Amino acid sequence: MPDKSQVRSALDREVVTYREANPRSVELSERAQKVLPGGTTRTTTFFPPFPPFQIRGEGCHIIDVDGNRRVDYLNNYTSLICGHAHPHILKAAQEAAEGGTAFAAPTEYEVRLAEMICERVGSVDLVRFTNSGTEATMAALRLARSYTGRSKIGRFEGSYHGTHDYTTTPGAGVPDLISELVVDLPYNDVEGCRKILEGLGHQLAAVIVEPVLGASGVIPARPEFLRFLREATEADGSLLIFDEVQTLRLNRGGAEAIYDVRPDLSTFAKIIGGGFPVGAFGGSGEVMEIMHPVSGDISWGGTFNGNPVTAAAGMACLEMLTDQVIAELNDLGEYAIAGLNQALADGPVPGQATGMGSLFNLHPTSELVTDAHAVNRTDPDLRRLLHLGLINRGFYLSARGTACLSTPMTRAEVDDLIAATADVIGDLGS
1181 MPDKSQVRSA LDREVVTYRE ANPRSVELSE RAQKVLPGGT TRTTTFFPPF PPFQIRGEGC
1241 HIIDVDGNRR VDYLNNYTSL ICGHAHPHIL KAAQEAAEGG TAFAAPTEYE VRLAEMICER
1301 VGSVDLVRFT NSGTEATMAA LRLARSYTGR SKIGRFEGSY HGTHDYTTTP GAGVPDLISE
1361 LVVDLPYNDV EGCRKILEGL GHQLAAVIVE PVLGASGVIP ARPEFLRFLR EATEADGSLL
1421 IFDEVQTLRL NRGGAEAIYD VRPDLSTFAK IIGGGFPVGA FGGSGEVMEI MHPVSGDISW
1481 GGTFNGNPVT AAAGMACLEM LTDQVIAELN DLGEYAIAGL NQALADGPVP GQATGMGSLF
1541 NLHPTSELVT DAHAVNRTDP DLRRLLHLGL INRGFYLSAR GTACLSTPMT RAEVDDLIAA
1601 TADVIGDLGS
């Protein structure tokens, strides 16, 4: 096992290589810092010393301003399941845009996309559109509070449901009173959850959960864990909300179809927009009727909700995601996870890949990763080394090691990623 100084030296070498390969991105980063806090609009896309500025995407590749071509394993955080600039999606979006980019009125596009979602996802009778996953979870939580007449929300340690106060870890800018309305629960821990929920009585409006914990390491829920949540919320009279913003890509009917657990509400985003800004929430007719503009209790709007260009692109994307296409992509993902785990097991540093289907995450730790706490205990220098090392070798993942597949990818791209991972960590053993 290499010591910390060896890891640090290897990281320093990768930083030097990265800087030398990206001079134009250095210039743009310095320019951006004069008009954007830290040079970015999106905290999750920033990493030191600077992120590479992209100029275009082609299939499963991205090309930056310095001409570096990389395999995109991030796909705008899982949203580009069909890759970049897919001609079928571009054609649909262009045709819609030529008829008008937005209206203060409904269009057939949003009706058709809503029909597709309701047909695919078993628990969804009715759906409403938003412009992001953040807005979708905001709306779903408000809906749950209105339906139950309760105020408290249960969420899970390490979960990510957007950047609004009710799903953000208490800290700067989040009022203290939010902590009185939000209950943190342990992920994948049935008995731990049971103890907390029993102590609450009937105070929760909803429990919101990611079937695969995304931002904290792409950690799949244990089947018995989700079954317990369904039983517990039904007994309590609270709603169970599945955040399927990322997991809808795993099955035509989402993760609920994989786990055979039916939530009361679900939230969606990412792939349903075909690469354009989008969000949605839906569920049973009884619950969703609260959003009815005449007879319902909640008023909810948004200038670009149900945008025709987004809806057209989303339909084009979903049309291509047949059962067979999704199954093949998931098989390729499982092949990637197995290969990465073998490469990490054979290397001089501990590591593992977690995930499900076409979603996975690299973790430089020997500790079994089943919740966010294990991820938080990983060596930050090792994580940075793996991240920058892969970028320097032509592979783009998130700084925390999150990755996903797109349909243009083949075993060749996966084999190259596995080999590059072995090469990065192999340098520590030399």
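Residues 1181 to 1610 in the numbering used here are what the sequence shown lists, from first letter to last. Note that CB positions come from ideal geometry on N, CA and C, so glycine has one too. Note that the structure is a prediction, hence the values are computed from the model and not measured.
Nearest-angstrom Cβ-Cβ length linking residue i and residue j, presumed shorter than 8 Å
i     : j     : result
L1380 : V1392 : About 25 Å; that fails the 8 Å criterion.
G1237 : A1265 : 6 Å
A1190 : L1565 : 6 Å
A1401 : N1368 : 6 Å
T1343 : S1418 : Their Cβ separation, rounded to whole angstroms, is 24 Å, which puts T1343 and S1418 out of contact at 8 Å.
G1494 : V1467 : Not a contact, Cβ separation roughly 23 Å.
I1598 : L1509 : In fact, because the Cβ distance is near 17 Å, the residues do not count as touching under 8 Å.
Beta-carbon gap between residue i and residue j smaller than 9 Å
i     : j     : result
V1301 : L1428 : yes
T1601 : L1542 : yes
V1370 : L1420 : no
C1262 : G1527 : no
L1445 : A1320 : yes
D1244 : R1204 : yes
R1442 : L1384 : no
F1151 : T1502 : Beyond the ends of the chain as shown, which are 1181 and 1610, falls residue 1151; an answer cannot be given.
I1517 : L1430 : no
E1290 : G1569 : no
P1228 : I1571 : no
I1451 : S1259 : yes
L1361 : Y1346 : yes
G1239 : P1560 : no
A1395 : S1312 : no
V1304 : G1531 : no
L1357 : E1469 : no
T1221 : H1341 : no
Length of the line joining the Cα atoms of residue i and residue j
i     : j     : result
I1269 : G1372 : 45 Å
R1335 : Q1504 : 33 Å
R1325 : Q1186 : 52 Å
S1152 : A1316 : With the chain represented from 1181 up to 1610, any question about residue 1152 goes unanswered, as that position is not in the structure.
F1230 : A1201 : 12 Å
T1550 : V1594 : 24 Å
F1461 : L1254 : 24 Å
R1250 : Q1522 : 23 Å
F1226 : Y1198 : 15 Å
T1545 : T1483 : 45 Å
F1405 : P1366 : 11 Å
C1497 : L1539 : 18 Å
D1192 : N1248 : 20 Å
S1209 : V1196 : 16 Å
T1314 : E1424 : 12 Å
E1278 : K1375 : 56 Å
Residue nearest to residue i in terms of C-alpha spacing, selected from the options
i     : options                       : result
P1286 : F1309, V1304, E1275 and K1450 : F1309
Y1439 : P1473, M1536 and D1246        : M1536
A1554 : A1533, L1409 and G1574        : A1533
G1486 : D1477, A1449 and I1470        : A1449
G1574 : H1241, V1206 and T1223        : H1241
K1332 : H1382, M1500 and T1587        : H1382
Q1234 : R1557, G1218 and N1256        : N1256
Limits of the unbroken alpha helix (DSSP H) element including residue i
i     : result
K1332 : That residue, K1332, is in no alpha helix (DSSP H); its beta strand (DSSP E) goes K1332 to F1336.
E1514 : D1503 to D1526
G1379 : V1370 to L1380
A1554 : A1552 to N1556
Segment limits, beta strand (DSSP E) that includes residue i
i     : result
R1325 : Premise fails: R1325 lies in the alpha helix (DSSP H), G1313 to T1328, not in any beta strand (DSSP E).
S1179 : A query on residue 1179 cannot be resolved here, the shown segment of the chain reaching from 1181 to 1610 and no further.
V1389 : L1384 to V1389
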